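Worksheet for the structure shown next.
Numbering (the working numbering), first residue to last: 167 to 363.
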């Protein structure tokens, strides 16, 4: 048994963070949704509305039973739908993996971890409060810091730059690979494979 495997052999809740609605679809803040859409494509299914307040998709990924979840609430209220889905499927916090944007990493850099603070991320703050613990897995997708004096809250609600968009599909694909590695080989092995030098 791999010690640092999410969900300890049971089903896993994979959460992508973002804001609902087409006007937010290309925002940096919505990269979690983009990664979940890529994973949904790999499963070969479509998201459906659920009473938890999230769009859900059940399937198998990397040999594990997974539930993909995209909260239908706005980012700062993500905790309610995440807890709703976790309770519905009886998944403990250590079976939850959250994919989200990260200002403190350069564009496309990935970091995987278990637990930790929210680093000012309102989606994580809401999830931690609702779950009652920090001990869930995070897959952090770097979006970089805003240029000059631009407000970080404004920056994450803007679309990726033209230069970034050329690489975005590749980086989203790589992040989806990292999620698969995490649930298949455990945290340590996935960190070794996907953390840059």
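A virtual CB, placed ideally from N, CA and C, is assigned to each residue, including glycine. Keep in mind the model is a prediction, meaning the values are calculated, not measured.
Local conformation of residue i per DSSP, three classes
{"i": "residue 195", "result": "helix"}
{"i": "residue 167", "result": "Interpretation of residue 167 is limited by its pLDDT of 42, a score under 50 that renders its predicted location unreliable; the figure taken from the coordinates is listed afterwards. Looking at residue 167 - three-state DSSP - the assignment turns out to be coil, as it is neither helix nor strand."}
{"i": "residue 225", "result": "strand"}
{"i": "residue 214", "result": "strand"}
{"i": "residue 255", "result": "coil"}
{"i": "residue 267", "result": "strand"}
{"i": "residue 321", "result": "helix"}
{"i": "residue 235", "result": "strand"}
{"i": "residue 306", "result": "strand"}
{"i": "residue 220", "result": "strand"}
{"i": "residue 261", "result": "helix"}
{"i": "residue 300", "result": "coil"}
{"i": "residue 363", "result": "Note on residue 363: pLDDT 48, under 50, position unreliable in the model; the coordinate value appears next. The answer is coil: DSSP assigns residue 363 none of H, G, I, E or B."}
{"i": "residue 182", "result": "strand"}
{"i": "residue 315", "result": "coil"}
Whole-angstrom distance between residue j and residue i, CA atom to CA atom
{"i": "residue 294", "j": "residue 350", "result": "24 angstroms"}
{"i": "residue 242", "j": "residue 291", "result": "8 angstroms"}
{"i": "residue 215", "j": "residue 312", "result": "34 angstroms"}
{"i": "residue 325", "j": "residue 319", "result": "13 angstroms"}
{"i": "residue 277", "j": "residue 228", "result": "19 angstroms"}
{"i": "residue 302", "j": "residue 230", "result": "17 angstroms"}
{"i": "residue 363", "j": "residue 170", "result": "In this prediction, residue 363 scores a pLDDT of 48, lower than 50, which makes its location untrustworthy; no coordinate-derived value is stated."}
{"i": "residue 287", "j": "residue 275", "result": "17 angstroms"}
{"i": "residue 177", "j": "residue 245", "result": "19 angstroms"}
{"i": "residue 240", "j": "residue 260", "result": "24 angstroms"}
{"i": "residue 172", "j": "residue 212", "result": "24 angstroms"}
{"i": "residue 284", "j": "residue 210", "result": "32 angstroms"}
{"i": "residue 167", "j": "residue 357", "result": "Because the pLDDT at residue 167 is just 42, under 50, the model does not fix this residue reliably, and the value given afterwards should be weighed accordingly. Rounded to the nearest angstrom, the two C-alpha atoms are 18 angstroms apart."}
{"i": "residue 380", "j": "residue 360", "result": "No answer is possible for residue 380: it lies beyond the span of the chain, which begins at 167 and ends at 363."}
{"i": "residue 365", "j": "residue 252", "result": "With the chain running from 167 to 363 in the structure shown, residue 365 is simply not present."}
{"i": "residue 217", "j": "residue 226", "result": "22 angstroms"}
{"i": "residue 196", "j": "residue 327", "result": "14 angstroms"}
{"i": "residue 329", "j": "residue 186", "result": "25 angstroms"}
{"i": "residue 332", "j": "residue 355", "result": "29 angstroms"}
Whether residue i touches residue j by CB criterion (8 angstroms)
{"i": "residue 273", "j": "residue 308", "result": "yes"}
{"i": "residue 204", "j": "residue 342", "result": "yes"}
{"i": "residue 238", "j": "residue 220", "result": "yes"}
{"i": "residue 338", "j": "residue 200", "result": "yes"}
{"i": "residue 248", "j": "residue 296", "result": "yes"}
{"i": "residue 267", "j": "residue 340", "result": "no"}
{"i": "residue 198", "j": "residue 222", "result": "no"}
{"i": "residue 353", "j": "residue 271", "result": "no"}
{"i": "residue 265", "j": "residue 334", "result": "no"}
{"i": "residue 289", "j": "residue 300", "result": "no"}
{"i": "residue 348", "j": "residue 305", "result": "yes"}
Option nearest residue i by Cα separation, candidates the options
{"i": "residue 258", "options": "180, 348, 361 and 352", "result": "180"}
{"i": "residue 250", "options": "263, 235 and 264", "result": "235"}
{"i": "residue 206", "options": "186, 187, 193 and 233", "result": "233"}
{"i": "residue 190", "options": "347, 321, 316 and 330", "result": "321"}
{"i": "residue 317", "options": "269, 187, 330 and 360", "result": "269"}
Proximity test, residue i beta-carbon vs the ligand SAH heavy atom, cut-off 7 angstroms
{"i": "residue 315", "result": "No copy of the ligand SAH appears in this structure; indeed no ligand is present at all."}
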